[in-house]
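K.L.:
The structure that follows is given in the form of structure tokens.
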Amino acid sequence: LWPEHDYEMKGRVGNVVFTCNAILEDDGTLKVYYGAADTHIGLAEARLSDIIDNIQF
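So the sequence shown is numbered by the numbering used here: it starts at 348 and just counts up by one.
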């Protein structure tokens, strides 16, 4: 998770995103709520299996 959009780069604390909470749904979707620039709340979603498949060691 990194800042990409204007609302994540411009605000009280620009160029910052930080996780707040995560929920794993029954269908395997991971929902990650995050703060953006200390001004907005965002939601990122991905399938947990896709995240695990793309972990690089």
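Just so it is clear, CB atoms sit at the ideal spot from N, CA and C, and this is done for glycine as well. As the structure is a computational prediction, the values presented were derived from the model and not from experiment.
Could you tell me the alpha carbon to alpha carbon distance between residue 403 and residue 382, rounded to whole angstroms?
P.N.:
Within the sequence shown, numbered from 1, the residue matching residue 403 stands at position 56. Within the sequence shown, numbered from 1, the residue matching residue 382 stands at position 35. About 25 Å.
K.L.:
When the Cα atoms are used, what is the spatial distance from residue 385 to residue 392?
P.N.:
What you label residue 385 is simply residue 38 of the sequence shown in a count that begins at 1. What you label residue 392 is simply residue 45 of the sequence shown in a count that begins at 1. Answer to the nearest angstrom: the Cα atoms are 20 Å apart.
K.L.:
Please classify residue 392: does DSSP put it in a helix, a strand, or coil?
P.N.:
Here the question's residue 392 lines up with position 45 in the sequence shown. The answer is strand: DSSP assigns residue 392 an E or B state.
K.L.:
Please tell me whether residue 349 and residue 360 are closer than 8 Å, where the distance is taken between their beta carbons.
P.N.:
In the sequence shown, counting from the first residue as 1, residue 349 sits at position 2. In the sequence shown, counting from the first residue as 1, residue 360 sits at position 13. No, the pair does not count as a contact, with Cβ atoms beyond the cut-off.
K.L.:
Tell me whether the beta-carbon of residue 377 lies closer than 8 Å to the beta-carbon of residue 395.
P.N.:
One-based indexing of the sequence shown puts residue 377 at position 30. One-based indexing of the sequence shown puts residue 395 at position 48. Closer than 8 Å, so yes.
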